[in-house]
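Residue numbers (my numbering): -6 to 207.
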Amino acid sequence: MLIAIDGPAGAGKSTVARALARELGYGYLDSGAMYRCVALLSLEHAGQPPAELAGAAKMEMQLASPSAAPRVLLDGRDVTEAIRAPEVSEAASRVAADPDVRRVLVAKQRALLAAGDWVAEGRDVGTVVAPQAELKIFLTADALERARRRAAELGADVQVVLAEQAMRDERDITREHGPLRPAPGAVTLDTTGLGVDQVVERIAALALACTPSS
Ligand code: DC
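Take a look at the structure:
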């Protein structure tokens, strides 16, 4: 069983996808973390084509304790915090528009998802990476609420986050390769005003409904 969760930044994808993966005992793939890893590498190795860096990189995600964020390992190095730095977010949005990077990372994501049960989150999981996913969710929320959530997470100013978010949303939606949009057949869930538990329960119920009964 594969559950694809796509949507804009701040819609609650990561929190919801992790909680769902834990509840169902599924693997968890944060495809955004992979774009962030490539962004970090490209900042560290200026001048080297990001797609080459992506191809050579070994990226792993470890769901450690139930409450902690998954650790992200890049070539064995723990980059969990480093990939969340604002300059990496900015660079990630740029490398994600590179079709060669997308080709490399989509192939890596497909290889991971080929076996087992997964909750995979990103922007193009349901449209490009795994259109065959049994359940496709498009998670969204009001722009100001998304900015408020991100600002609280980062300890940043809401208006600054809102402006940056608008720029990244625009880039995600208008890019030629793997643009952000609901996949055909996706269920759109607006999380404005909803708690994480409510969203997780709703998706778990949808997953149950599309599990073939034995
Ligand atoms: O979800 P996130 O903020 O960690 O994603 C980081 C960047 O990668 C963001 O600019 C969107 C992009 N991304 C993408 O283009 N495709 C994905 N499947 C996941 C993320």
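Think of the CB as a built atom: it goes at the ideal place given N, C-alpha and C, for glycine as much as any other residue. As the structure is a computational prediction, the values presented were derived from the model and not from experiment.
Check: From which residue to which residue does the alpha helix (DSSP H) around residue 160 run?
Finding: 151 to 167
Checklist line | Cβ-Cβ separation, residue 98 to residue 72 (assumed contact under 8 angstroms), whole Å | finding: With 8 angstroms as the limit, residue 72 and residue 98 do not qualify as a contact, their Cβ atoms being about 16 angstroms apart.
Checklist line | Alpha-carbon to alpha-carbon, residue 1 and residue 166 | finding: Computed Cα separation, rounded: 9 angstroms.
Check: In this structure, does DSSP put residue -6 in helix, strand or coil?
Finding: coil
Checklist line | residue -4 versus residue 95: straight-line alpha-carbon distance, rounded | finding: 20 angstroms
Note to self: Less than 7 angstroms separating the Cβ of residue 21 from some heavy atom of the ligand DC?
What the structure shows: Result no, Cβ not under 7 angstroms from the ligand DC.
Check: Between residue 16 and residue 126, which are expected to be in contact by the criterion C-beta below 8 angstroms, what is the C-beta distance as a whole number of angstroms?
Finding: Not really, about 18 angstroms apart at Cβ, beyond 8 angstroms.
Checklist line | Any beta strand (DSSP E) of 3 or more consecutive residues that is wholly inside the stretch 40 to 89 | finding: DSSP runs (the beta strand (DSSP E)) wholly in the stretch 40 to 89: 52 to 55, 64 to 67.
Checklist line | Pairwise C-alpha distance: residue 134 and residue 100 | finding: Cα to Cα, residue 100 sits roughly 29 angstroms from residue 134.
Item checked: Whole alpha helix (DSSP H) elements within the stretch 92 to 125, 4-residue minimum -> 92 to 106
Check: Under the DSSP definition of a beta bridge, which residues are partnered with residue 182?
Finding: DSSP lists 132 as partners of residue 182.
Next item on the list: With DSSP as the reference, label residue 21 as helix, strand or coil.
Entry: Correct three-state label for residue 21: strand.
Check: Buried or exposed: residue 182, going by 16 or more other Cβ atoms within 10 Å of its Cβ?
Finding: That one is buried.
Check: Can at least three beta-carbon pairs, one atom from the stretch 24 to 31 and one from the stretch 110 to 121, be found at a separation below 8 angstroms?
Finding: yes
Notebook entry, point to check: Taking Cβ to Cβ, would you say residue 74 is nearer than 8 angstroms to residue 66?
Noted result: no
Check: Among 161, 129, 171, which has the Cα closest to the Cα of residue 179?
Finding: Scanning 161, 129, 171 for the CA closest to the CA of residue 179 turns up 129.
Checklist line | Validate contact between the stretch 3 to 20 and the stretch 185 to 199 using beta carbons, cut 8 angstroms, 3 pairs | finding: yes
Note to self: Given this structure, state the Cα-to-Cα distance separating residue -6 from residue 107, to the nearest angstrom.
What the structure shows: 10 angstroms
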